[in-house]
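Comments concern the structure below.
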Amino acid sequence: SLLFSKRTTKLKNLIQSKELEFIMEAHNGLSALIVQEAGFKGIWASGLSMSAQLGVRDCNEASWTQLLEVLEFMAERTTIPILMDGDTGFGNYNNARRLVRKLEERGIAGVCFEDKIFPKRNSLGDGAQELANIQEFSNKIKACKDYQRDKDFQIVARCESFIAGWGLENALERCEAYRKAGVDAVLIHSKKSDFTEIEQFLKAWNNRLPVVLVPTNYYKTPTEEFRKNNVSLAIWANHNLRASIKAMQDTSKQIFERQNLIGLDNIASVKEVFRLQNEKGLEVDDKKYL
Ligand code: SPV
Ligand code: MG
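Basically this note's numbering = 1-based index in the sequence shown + 11.
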């Protein structure tokens, strides 16, 4: 039954279903659990957020094995599927497919690879963006699909044509090549504050494969527009990270300035910390095993 289906199957159903679905960013075991408790059916393991919570830049400063460690904690505390932001795959087709193998071994349900050059740069920044060769990136996708052991493991190809300033024709050519290479879905990204270039893509693409969006900059677009245009999956990509930054800045500043803890009412109780850590579970097991 669906209740007992594997996480890969759950992610496949989210992506391949006709309904618009939503996944939410998390960046460690705690935030992953919080996303699940909020009701989300899946988690976006954002490269930006995982890097930022380590205090480093989103240009592959954290190694892929360091990210695997983060992902392992996220998988341990959740049952919903996790889609990893795999950036460019940390090298060529061989590096990318080894990452796929290690993700499968750690219970991660899918990965998104973007058609840029290692080390990548965040798509929302101001710098110039260099795109991968279409054939080389298509072969990287093909190698990963050939190498995965679980047939339901999802690979998403992220097209950065709009980000790099190459336009609609280039985006369509690339996504069609990735479709032919066997990818499960395409992610089309944009850093514009309006929906127009994405909408043009969606109309021209015409549902050839499921489409994933990251509406960080065009967040004002009503969600109904995504539904109307047959978007498969929307990713709220960095909002737990940003919420936590603001909360930690405010809290640190207040405690520093006042030199006391009075009036700090916007923080979770220690009891809540224990609940999230599942202290109860250990109490129960202690009775059984100690
Ligand atoms: C991420 O969340 O790391 C992403 C989305 O890749 S973006 O930051 O818009 O590039
Ligand atoms: Mg990223």
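Glycine residues also receive a C-beta, built at the ideal position from the N, C-alpha and C atoms. From a predicted model like this one, the values you see are computed outputs, not experimental measurements.
Residue i and residue j look like a contact to me (Cβ under 8 Å); what is the Cβ gap, rounded to whole Å?
| i | j | result |
| --- | --- | --- |
| I91 | F51 | 7 Å |
| F129 | A168 | Contact doesn't hold; Cβ gap of about 16 Å is too wide. |
| L2 | A215 | Nothing can be reported for residue 2: it is not among the residues displayed for the chain, which extend from 12 to 301. |
| W75 | L110 | 6 Å |
| Q142 | A175 | Note on identity: in this sequence residue 142 is Leu, with Gln being the wrong assignment. That belief holds up - the Cβ atoms of L142 and A175 are roughly 5 Å apart, short of 8 Å. |
| K131 | D98 | 5 Å |
| L220 | R190 | 5 Å |
| D126 | R185 | 6 Å |
| N277 | A258 | 7 Å |
| Q211 | E171 | Q211 to E171, Cβ: 16 Å. No contact. |
| L275 | Q260 | That pair is no contact at about 14 Å. |
Given a cut-off of 7 Å on the beta-carbon distance, is the pair residue i and residue j in contact?
| i | j | result |
| --- | --- | --- |
| I119 | L78 | no |
| K162 | G193 | no |
| A43 | I54 | yes |
| E115 | R160 | yes |
| R112 | C155 | no |
| A63 | L252 | yes |
| L65 | F237 | no |
| Q145 | A188 | The residue asked about is misnamed: residue 145 is Ile in this sequence, not Gln. For I145 and A188, yes; Cβs fall inside 7 Å. |
| A229 | D205 | The residue you asked about is not Ala; residue 229 is Tyr in the sequence shown. A contact, by the Cβ cut-off of 7 Å. |
| R218 | N241 | Position check: residue 218 holds Asn in this sequence, whereas Arg was assumed. Cβ atoms of N218 and N241: closer than 7 Å. |
| E147 | F173 | no |
Counting contacts by CB-CB distance shorter than 7 Å, is residue i in contact with chain E?
| i | result |
| --- | --- |
| D161 | Any reference to chain E falls outside this structure, which holds one protein chain only. |
Could you tell me whether the stretch 238 to 251 touches the stretch 266 to 274, where touching means 3 or more Cβ pairs closer than 8 Å? Taking a cut-off of 8 Å for Cβ pairs, the stretch 238 to 251 and the stretch 266 to 274 do not touch, as fewer than three such pairs fall below it.
My parser needs the alpha helix (DSSP H) runs of 4 or more residues fully inside the stretch 61 to 126; what are they? 75 to 87 and 104 to 116, all fully within the stretch 61 to 126.
Could you please go through the chain and list the residues whose beta-carbon is closer than 7 Å to any non-hydrogen atom of the ligand SPV? With the cut-off at 7 Å, the residues found are E36, W55, S57, G58, L59, S60, D69, D96, N133, S134, L135, H200, V225, T227, A248 and N249.
So does the stretch 122 to 137 actually touch the stretch 77 to 93, counting three or more Cβ pairs closer than 8 Å? Not touching, per the Cβ criterion.
Hey, is the stretch 198 to 205 in contact with the stretch 55 to 65, meaning 3+ C-beta pairs nearer than 8 Å? Cβ pair count under 8 Å is below three, so no.
Whole runs of the beta strand (DSSP E) within the stretch 148 to 175, excluding any shorter than 3 residues: As far as the stretch 148 to 175 is concerned, its whole beta strand (DSSP E) runs of at least 3 residues are 165 to 170.
State whether the stretch 15 to 24 contacts the stretch 167 to 184, with contact taken as three or more CB pairs (one from each stretch) at a distance under 8 Å. A contact between stretches requires three or more CB pairs, one per stretch, nearer than 8 Å, and the stretch 15 to 24 fails this requirement with the stretch 167 to 184.
Report the start-end ranges of each alpha helix (DSSP H) in the stretch 209 to 275 that is 4 residues or longer and not cut off at the edges. Unbroken alpha helix (DSSP H) stretches of 4 residues or longer found wholly inside the stretch 209 to 275: 234 to 239 and 250 to 269, given in chain order.
Let me know the alpha helix (DSSP H) ranges lying completely inside the stretch 19 to 64, each 4 residues or longer, listed in chain order. Runs found: 40 to 49.
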